[in-house]
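Structure, as structure tokens:
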Amino acid sequence: MAFQIGVPKETVSGEQRVAQTPDTVSRLVQLGYEVVVEAGAGETAFHADSDYVSSGAQIGTHEEALAADLVVSVQPPSEANIQVFRAGQVFLGFLSPLDSPSIAENLAQKGVTALSMELVPRISRAQKMDALSALASLAGYKAVLVAASTLPKFFPLLTTAAGTIRPANVLVLGAGVAGLQAIATARRLGARVSAYDIRDAVKEEVQSLGASFVELALEIDDMQDAGGYAKALMAEKAKRQTELLVPHIAKADVIITTALIPGRPAPLLITPEALSSMAPGSVIVDLAAANGGNCSHTEPDREVVENGVTILGPTNLTATMPIHASQLYARTVLAMIQEFTSEGAFVPNFEDAIFQGACIAHGGEIVNERVKGLLATVS
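So for the sequence shown, the working numbering puts the first residue at 3; every next one is plus one.
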């Protein structure tokens, strides 16, 4: 019997993406795998069941998709889904292992080998498997569009017979993948853009996109870790950072915040003092809302108005662009499958840096040290 890959329908509220598109399914079938797609799995991403059938997939029930040798998903599996898994199966998808380590523990107890797309290391060879970066770019783009539609002003310079309207000032806090895309999008819309990041290494990237780089009188060492993420600041320097940001925040019509450190609460960048300095009508889109937010008043998936400033805390913006989000995510999943399957079988390889980084459960045990540590702390 051929190695089977299952694509269940996402069940989390608001999730419109799908883990495999007809294009990637076609590639899997060409490689000799049998693909079972749950009926309706691709509907919210505008892929009909007939599209999957044309690509060589079988359309099955939820249970049939979950019974495959390798199950791929966007969101972590529900408790109900984990209960029907069997020992020896492989699960590949987002698992939030540093925020919800109990999911990894439950998968380990079922004997499932679990690969977390969040933990794919940021090394050159793994770029095609880096789902976080691929989707972060979409989030940065959409955040600016949401801000522009909420802001009661024009983004670009506008010259009319009645006078000239100055361009909006956009400040991007955090110049990772999402931040850089936000900068590029805001620039394309004609805004005046500045950006801040504790990593000096991104200064040239910010400036190359036409934005000005905010430099604070803050003595810090190299603030980029081995994975390319920003490191956490010590409490005293973090407090000083927020104080120095206040005048820059005060001048902004729009702020896009993207500062996140995996496995930690989002750093506070916009304090109540900074918020009170902003003009009424200003807009903040906080992409760190799922981890507590970079703004003191952010609430996940809610619109908050404080002193006339609108604060938005979307936690899954990429799901609002399901066609391209699914396309990009599906390709990263396909790359992972190609990397760790051979001749119709899944081949775990703990000597491989990518597998070692992404694998959190195998052989009935938690194999990721960070997840182990989190579970030990909880217990």
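The C-beta atom is built at its ideal place from N, Cα and C for all residues, glycine as well.
The model shown is predicted, which means the values in this text are computed figures rather than measured ones.
| field | Identity of the residue in 336, 354 and 320 nearest residue 147 by Cα | value | 320
| request: Use the C-beta contact count for residue 1: other C-beta atoms within 10 angstroms, 16 or more gives buried, fewer gives exposed. | output: The structure shown does not extend to residue 1, since the chain is modelled only from 3 through 381, so no value can be given for it.
| field | Cβ pair residue 195, residue 201 closer than 8 Å | value | no
| request: Write down every uninterrupted run of the beta strand (DSSP E) in the region 242-320 whose length is 3 residues or greater and which is fully enclosed by it, in chain order. | output: 256-259, 285-288, 305-308 and 311-314
| Cβ neighbours of residue 92 in the same chain (closer than 6 Å, five flanking residues each side left out) | 72, 115 and 348
| task | Rounded to whole angstroms, what's the CA-CA distance from residue 260 to residue 373? Just pull it up for me. | result | 24 Å
| query | For residue 6, which residues does DSSP report across the bridge? | reply | 36
| request: Look up residue 331 in the DSSP assignment and give the residues it is bridged to. | output: Answer is none; residue 331 lacks a bridge partner.
| Among residues of its own chain, excluding the 5 on either side of residue 246, which ones have a beta-carbon nearer than 7 Å to its beta-carbon? | 218, 219 and 220
| Cβ separation of residue 77 and residue 12, assumed to be a contact under 8 Å, to the nearest whole Å | 6 Å
| query | So, do the region 270-282 and the region 98-107 have three or more beta carbon pairs nearer to each other than 8 Å? | reply | no
| message | Measuring only the C-alpha atoms, how far is residue 330 from residue 142? | response | 15 Å
| What are the boundary residues of the alpha helix (DSSP H) that includes residue 382? | Any question about residue 382 goes unanswered here, given that the chain covers just 3 to 381.
| Three or more C-beta pairs closer than 8 Å, one from the region 168-185 and one from the region 261-272: is that the case here? | yes
| request: May I have the straight-line CA-CA distance separating residue 197 from residue 166, to the nearest angstrom? | output: 25 Å
| task | Return the chain-ordered list of same chain residues with a C-beta closer than 7 Å to the C-beta of residue 10, the five sequence neighbours on each side being excluded. | result | 40, 43, 64, 67, 68, 73 and 75
| said: With the cut-off set at 8 Å, would you say residue 95 and residue 119 are in Cβ contact? | reply: yes
| request: Figure out for me which residue from 209, 117, 38 and 88 has the closest Cα to the Cα of residue 24. | output: 38
| said: According to DSSP, simplified to helix, strand and coil, what is residue 41? | reply: coil
| query | How long is the line joining the alpha carbons of residue 2 and residue 54, rounded to whole angstroms? | reply | This structure does not reach residue 2, given that the chain is present from 3 up to 381, and the question cannot be answered.
| query | Which residues in the same chain have their Cβ closer than 7 Å to the Cβ of residue 204, if we skip the five residues on either side of it in sequence? | reply | 177
| field | Same chain, Cβ closer than 6 Å to residue 48, five either side skipped, listed in chain order | value | 325
| Among 111, 338, 7 and 140, which one has its Cα closest to the Cα of residue 364? | 111
| query | Would you report the Cα separation of residue 144 and residue 3, rounded to the nearest angstrom? | reply | 43 Å
| Test item: CB-CB of residue 159 and residue 212 under 8 Å | no
| Host beta strand (DSSP E) of residue 61 (start-end) | 60-62
| Per DSSP, what kind of secondary structure is residue 72 in: helix, strand or coil? | strand
| Over what stretch of residues does the alpha helix (DSSP H) that includes residue 357 continue unbroken? | 355-360
| said: To the nearest angstrom, how far is the alpha carbon of residue 351 from that of residue 371? | reply: 17 Å
| request: Go ahead and pull the three-state DSSP assignment for residue 107. | output: helix
| task | Look at the Cβ atom of residue 375, then the Cβ atom of residue 123, and state whether they are nearer than 8 Å. | result | no
| request: Could you check the C-alpha separation between residue 265 and residue 242 for me, to the nearest Å? | output: 23 Å
| message | Looking only at its chain, what residues have a beta carbon closer than 6 Å to the beta carbon of residue 139, apart from the 5 residues adjacent to it on each side? | response | 179 and 183
| Spatial distance of residue 251 from residue 286 (CA atoms) | 10 Å
| Uninterrupted beta strand (DSSP E) stretches inside the region 172-203 (no shorter than 3 residues) | 194-198
| Where residue 167 falls: helix, strand or coil (DSSP) | strand
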